[in-house]
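Residue numbers (numbering that gives the first Met the number 0), protein chains in the order written: chain V, 0 to 317; chain G, 0 to 317; chain P, 0 to 317; chain X, 0 to 317.
Every residue gets a Cβ at the ideal spot worked out from N, C-alpha and C, and that includes glycine.
Fair warning: this is a prediction, and the values are worked out from it, not measured in the lab.
Here's the structure we're looking at; comments come further down.
Protein chains: 4
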Amino acid sequence: MAILENRLKGILPPLTTPFDERGEVDYVALADNVARYNDTGLAGYVALGSNSEVVHLTADERVRVIETIKLASERGAQPPGDAALGDQESGRVVVAGINEFSTRAAIEAVRRAAGAGADAVLVITPYFYKGAMTEDVFIRHFTAVADASPVPVLLYNVPQNTGVVIEPSTVATLSAHPNIRGIKDSAGNMGAISSIIRLARKDFAVLTGNGGILYPSLLMGAAGAVLAIACAAPGPCVDLFNAAASGDQAGARELQHRVSPVSQVVTTGFGVAGLKAAMTLAGFNGGLPRAPLAAVSDPERETIRTIMRASGLFPGLE
Amino acid sequence: MAILENRLKGILPPLTTPFDERGEVDYVALADNVARYNDTGLAGYVALGSNSEVVHLTADERVRVIETIKLASERGAQPPGDAALGDQESGRVVVAGINEFSTRAAIEAVRRAAGAGADAVLVITPYFYKGAMTEDVFIRHFTAVADASPVPVLLYNVPQNTGVVIEPSTVATLSAHPNIRGIKDSAGNMGAISSIIRLARKDFAVLTGNGGILYPSLLMGAAGAVLAIACAAPGPCVDLFNAAASGDQAGARELQHRVSPVSQVVTTGFGVAGLKAAMTLAGFNGGLPRAPLAAVSDPERETIRTIMRASGLFPGLE
Amino acid sequence: MAILENRLKGILPPLTTPFDERGEVDYVALADNVARYNDTGLAGYVALGSNSEVVHLTADERVRVIETIKLASERGAQPPGDAALGDQESGRVVVAGINEFSTRAAIEAVRRAAGAGADAVLVITPYFYKGAMTEDVFIRHFTAVADASPVPVLLYNVPQNTGVVIEPSTVATLSAHPNIRGIKDSAGNMGAISSIIRLARKDFAVLTGNGGILYPSLLMGAAGAVLAIACAAPGPCVDLFNAAASGDQAGARELQHRVSPVSQVVTTGFGVAGLKAAMTLAGFNGGLPRAPLAAVSDPERETIRTIMRASGLFPGLE
Amino acid sequence: MAILENRLKGILPPLTTPFDERGEVDYVALADNVARYNDTGLAGYVALGSNSEVVHLTADERVRVIETIKLASERGAQPPGDAALGDQESGRVVVAGINEFSTRAAIEAVRRAAGAGADAVLVITPYFYKGAMTEDVFIRHFTAVADASPVPVLLYNVPQNTGVVIEPSTVATLSAHPNIRGIKDSAGNMGAISSIIRLARKDFAVLTGNGGILYPSLLMGAAGAVLAIACAAPGPCVDLFNAAASGDQAGARELQHRVSPVSQVVTTGFGVAGLKAAMTLAGFNGGLPRAPLAAVSDPERETIRTIMRASGLFPGLE
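This is how it looks when you write it as structure tokens:
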């Protein structure tokens, strides 16, 4: 299992799902994105995270998205000549998001994801009965899911989508479970991330989900990050991670100040549609969102382009 | 269609789904509840509303829940001797909740619900990408669903679960669609309900989903209500509706003051688990919630019992 | 004291403070407004409420505002020929707002207000240390203020300005104090207002501060209302109160639907500056707000005018 | 003015105001605290910040608090033998909080504070008319105050008390004013602090007001911090600042993890009353809060003691 921890260090993009004009998943475009990401130093991929429009996908589509990403990631992971190694563990990790409300549905989805090739699962806090989402409920839910899961479990805290927060003390309690191995925390609350690092098991992998606090999070001990902006700018995110890891404070700070405004415009700014537009501008296959979400308008796209250009992170961008 | 409007007047309970100790749906207990409700003057039933734990049910279970309720409601609707009438339209209306995020999934679920016997559907606002849920998105989503739906559509605003609000002006715009026939508004915002009544099409059915403002809502022109508390106290809710309809202000106010504290304890107080406990105390089949929700604790049940007793609405309650 | 209760029934406008172009209080304009209000059937006046910009006034200005309003209200209260009566109690009640954070400052301000002629005081919940504003703190604060106050005390709940809510159960506890005689509740939460009416002492005066729920509040047992919109449209608010009091449901509902949109535009819409613009449009002395607040822009004023015209409540409005 | 910038680097405690049992300010105890702080490497003091209960103080008390702190800080600033220097600029900076709602009252308070010896003022965002607090209003207010102020102005963003946020872009605009020299940002939003650093004038002093993000803030370029916890643990806060300044990442991170839980318990945990209890436990003169705030209970004090002990930052604590 130590191998997984090593693979949960670094930058993982939460892959978007490109839809075509009929609203169908474009698996070829998705695989093509992964193929290109494979050359950028990313630690792995999150399939079916919030930015994937997982809630817009059927159960069958979700399985096929995982399979597509897994396959594309493995190909990329084996450069010519290495095929003989067969060392699957050296490849990029594929983490599959689980977005379910009942414990039994979450367990079923976890099994499907593992069957489709996921190395780990990222299980969202249930979020419909907000008033009932107590610490007890979270502990019961995640413990049952982790008990049943054939692969390691990461917790997923994303209050901007769920309206629900899992407290650092609850995360610390859950970190004692041998199959709960980390958290993606997208709340952007630096104090809470520090508290989780302080309170949880030493080898618990804390991944920030907020591009605006990547460097601070790493400095406080985060293992890595799952960042929307990494879908459009994988290289700079990896560079920032490496600068932080090597103690280059000035370089890391400078990169953080460049990454932050682009990160903001593709998250709180224009959301999934904005991220897809930024990916297309950066040369990846953004594709369309699925209804009721709509593509950004032309003026919105120009705003995104302007912010991307100003960052200096996209040298080829017109 | 005028017939539907007549049937959307009055009190509809949002039926809970009783689960057994293994976590399976107890369809017999559900049908038995409906059979007893049939004698209480309710206008119909909401299947798969928030209190049904719809998000904890599979697609197949959802269909069977609708079928079960529809069948039980029809039997009850035909008292001995009336069988010859065969006037299906005179029966209690069955409204099926639709809890989906993508427009295509909502349309598919609407068709399944209609196929299972639903007379109308209650379509929740999409709620995962909260930042993206603009007026445009709501109009696009509900219009597409209403265009495709074989049965009338009601909008469903329930910010305490979704973290998203649909504005009165947006509701007014949507009320112009011939297949969008009303709204269940559970926000408990009396000003907003009045605004919807003022702004929407004259025959648009506004149903309040908040037991604490039933009488005020009716006085301002609401057609009726979908109330959790009606699952435990159908008679008093119907009495309150009738008092308001007949202009008995003192009686209606008195009943409202009795209904309010019980309504509160089974909603914001203890949620679905509290409602199920109250139903059991009142002699109905509450059953268990499905994990991660848990049954109320013994002290919580006693708090509920105390409040129910103090209301004077449950004469047989020990 | 029964006399006060009788005087706390009906509609009271929370008087705005007109400022001139140098930012000074225009006491003459204020007195002139009161003189005109005196003919409209209002039950009295609230001086130094939220809409008065009380937080923008010095202690000395606050005293002089109360004195001005008191004097103007008494003159108006004595129609020609009645001077001989000398029945001060039959006049319009003047309630003075107290906006302080420490208990000792509130007590001092209450004494100054009583000395300036206030018949009662409206004491806001302290609101700076939001996290510390527990039920205990509220009970301690209001009890100490009421113990020391030479005039009756009303509680003031206005979360849109304070970010703090006083719960109905706390209000009920405080209603047992012989010198705490009512509440102005501006939260606009109909369920909470009903709960206060249900839980508090029978003769506790509940005044809604939200024009959008005036009729529902009165029907549930509110004694009256303190409404910003009554500064611009005193007559229609009094008419609505009277329609409700006489059981004219259709008339009250119709008036409510006319009052609501105008009420909204001068509160959540454009705030104090909007209310002042509406007053000027309606022929009263709106004057300017004090910096940092600014007058509405010309397009904003036209929006207000359009909404006022559409309501049909301002027949002379061009 | 460059001298001021140098003095705005480092740690400044927001001094609490000790009250005696009659509720009077204990100026002797306050001066005694400052005398002891003078030996701990602090860069200066904030008088009349949120933790001072400034809103509980009269205008006269506010002046005397500033005078007391200024006098005590100057004495301490001149160690034996340095008296000949007469270099007032080398002493600790005294920043005075301004907590007013109208622009004119803020200007008047700024002048009083400067007259009482304040080297700079910390001007809170107006916060009563929350809905009206637009970017325009903030720019108008702070510009007018800065134009009139005889001393440099710092902006003060503290949404947990005010319910109002000033956006990084607005701060950036205001940073162009020659007399607006920095901000204390207590929101605890690391992304926003980074944005301010990125967008504002290069020599604009960003001071974080959140102890849980001290090290991350410094790494991103903050000049220093105004921290409640520094009232109880000045030494460790200064050590953390120095570790960060000298590039000792491991040491700074370790100290941050020790400071965070204590910081939390005296802010979001038990507020001003908790901070005063912690100060007393640490050997300073905490004193009592002023009503309606009350001292912490005995069990609460033990909770605070336990957390302080566990931090290892208070070696003498029993």
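With a 10 Å radius around its C-beta and 16 neighbouring C-beta atoms as the bar for buried, classify residue i as buried or exposed.
{"i": "G52 (chain X)", "result": "Per the sequence shown, residue 52 (chain X) should be read as Glu rather than Gly. The residue in question, E52 (chain X), is buried, as its Cβ has 16 or more Cβ neighbours within 10 Å."}
{"i": "E99 (chain V)", "result": "buried"}
{"i": "D38 (chain P)", "result": "exposed"}
{"i": "G80 (chain V)", "result": "Only weak support exists for where G80 (chain V) lies, its pLDDT of 38 falling under 50; the coordinates are left without a value."}
{"i": "P298 (chain G)", "result": "exposed"}
{"i": "R91 (chain X)", "result": "buried"}
{"i": "V225 (chain X)", "result": "buried"}
{"i": "P215 (chain P)", "result": "buried"}
{"i": "V205 (chain X)", "result": "buried"}
{"i": "K201 (chain G)", "result": "exposed"}
{"i": "D238 (chain V)", "result": "buried"}
{"i": "P167 (chain P)", "result": "buried"}
{"i": "A281 (chain P)", "result": "buried"}
Select from the options the residue whose C-alpha is nearest the C-alpha of residue i.
{"i": "G273 (chain V)", "options": "V:I303, V:G116 and V:A290", "result": "V:I303"}
{"i": "A191 (chain G)", "options": "G:A147, G:M219, G:D202 and G:L70", "result": "G:M219"}
{"i": "K69 (chain G)", "options": "G:L226, G:V45 and G:S193", "result": "G:V45"}
{"i": "A42 (chain G)", "options": "G:N160, G:A281 and G:C230", "result": "G:C230"}
{"i": "A290 (chain P)", "options": "X:V144, X:P12, X:G311 and X:S148", "result": "X:V144"}
{"i": "A117 (chain G)", "options": "G:E134, G:L154 and G:G96", "result": "G:G96"}
{"i": "C236 (chain G)", "options": "G:N284, G:M189, G:L312 and G:V295", "result": "G:L312"}
{"i": "G270 (chain V)", "options": "V:H256, V:G285 and V:V27", "result": "V:G285"}
{"i": "L14 (chain V)", "options": "V:I65, V:D59 and V:A175", "result": "V:I65"}
{"i": "A119 (chain G)", "options": "G:Y128, G:P125 and G:V109", "result": "G:V109"}
{"i": "G9 (chain V)", "options": "V:Q248, V:I138 and V:A242", "result": "V:A242"}
{"i": "G323 (chain V)", "options": "V:R6, V:L47 and V:H55", "result": "Past the edges of chain V, shown from 0 to 317, lies residue 323 (chain V), and the structure says nothing about it."}
{"i": "T142 (chain G)", "options": "G:R103, G:G211, G:G114 and G:A115", "result": "G:R103"}
{"i": "A115 (chain X)", "options": "X:S101, X:L47 and X:A251", "result": "X:L47"}
{"i": "K275 (chain G)", "options": "G:F18, G:L11 and G:R6", "result": "G:F18"}
{"i": "A186 (chain X)", "options": "X:V24, X:T267 and X:L254", "result": "X:T267"}
Name the DSSP bridge partner or partners of residue i?
{"i": "L213 (chain P)", "result": "Answer is none; L213 (chain P) lacks a bridge partner."}
{"i": "N156 (chain G)", "result": "G:D184"}
{"i": "I10 (chain V)", "result": "V:A224"}
{"i": "T207 (chain P)", "result": "P:D184 and P:A224"}
{"i": "G43 (chain G)", "result": "G:V92"}
{"i": "A119 (chain P)", "result": "P:V94"}
{"i": "I179 (chain X)", "result": "X:V152"}
{"i": "V24 (chain X)", "result": "X:F18"}
Please check the pair residue i and residue j, which I expect to be a contact at CB under 8 Å, by giving their CB distance rounded to whole angstroms.
{"i": "N160 (chain V)", "j": "D184 (chain V)", "result": "Going by Cβ atoms, the distance from N160 (chain V) to D184 (chain V) rounds to 13 Å, so no, they are not a contact pair."}
{"i": "G223 (chain X)", "j": "F240 (chain X)", "result": "7 Å"}
{"i": "M307 (chain V)", "j": "V261 (chain V)", "result": "6 Å"}
{"i": "R154 (chain X)", "j": "V170 (chain X)", "result": "One detail in the question is off: residue 154 (chain X) reads as Leu in this sequence, not Arg. That pair is a contact at about 6 Å."}
{"i": "N32 (chain V)", "j": "F283 (chain V)", "result": "5 Å"}
{"i": "V122 (chain X)", "j": "V93 (chain X)", "result": "Not quite, the Cβ-Cβ distance comes to about 15 Å (not below 8 Å), so this is no contact."}
{"i": "L173 (chain G)", "j": "I138 (chain G)", "result": "6 Å"}
Next item on the list: May I ask you to list, following chain order, the residues of the region 123–137 of chain V that have a beta carbon less than 9 Å from some beta carbon of chain G?
Entry: For the region 123–137 of chain V, residues whose beta-carbon sits nearer than 9 Å to a beta-carbon of chain G comprise P125, Y126, F127, Y128, K129, G130, A131, M132, D135, V136 and F137.
Notebook entry, point to check: In the region 192–212 of chain X, which residues sit with their C-beta less than 8 Å from some C-beta in chain V, listed in chain order?
Noted result: Within the region 192–212 of chain X, the residues whose Cβ lies closer than 8 Å to some Cβ of chain V are S193, S194, I196, R197, N209, G211 and I212, listed in chain order.
Notebook entry, point to check: Using a beta-carbon distance cut-off of less than 8 Å, what residues from the region 282–312 of chain X approach chain P?
Noted result: When C-beta distances to chain P are compared with 8 Å, the residues of the region 282–312 of chain X below that value are R289, A290, P291, L292 and A293, in chain order.
Next item on the list: Identify each residue in the region 140–156 of chain V for which the Cβ-Cβ distance to at least one residue of chain G is less than 8 Å, and report them in chain order.
Entry: Against chain G - using a Cβ distance shorter than 8 Å - the residues of the region 140–156 of chain V are H140 and A143.
Next item on the list: Please name the residues in the region 100–120 of chain V whose beta-carbon is closer than 8 Å to at least one beta-carbon of chain G, in chain order.
Entry: Under the 8 Å Cβ criterion, the region 100–120 of chain V contributes F100, S101, T102, R103 and A104.
Item checked: Interfacial residues, the region 51–63 of chain X to chain P, with Cβ spacing under 7 Å -> Answer in chain order: V54 and H55.
Next item on the list: Select from the region 6–39 of chain G all residues with a C-beta closer than 9 Å to any C-beta belonging to chain V, and list them in chain order.
Entry: Closer than 9 Å at the C-beta level to chain V, one finds these residues of the region 6–39 of chain G: G22.
Check: Given a limit of 8 Å on CB to CB distance, which residues of the region 248–274 of chain P reach chain X?
Finding: Taking 8 Å as the upper bound on Cβ-Cβ separation, chain X lies near residues T267, G270, V271 and A272 of the region 248–274 of chain P.
Check: When you check each C-beta in the region 213–244 of chain P against every C-beta of chain G, which residues fall closer than 9 Å?
Finding: Contact residues of the region 213–244 of chain P toward chain G are Y214, P215, S216, L218, M219 and G220 (C-beta to C-beta distance below 9 Å).
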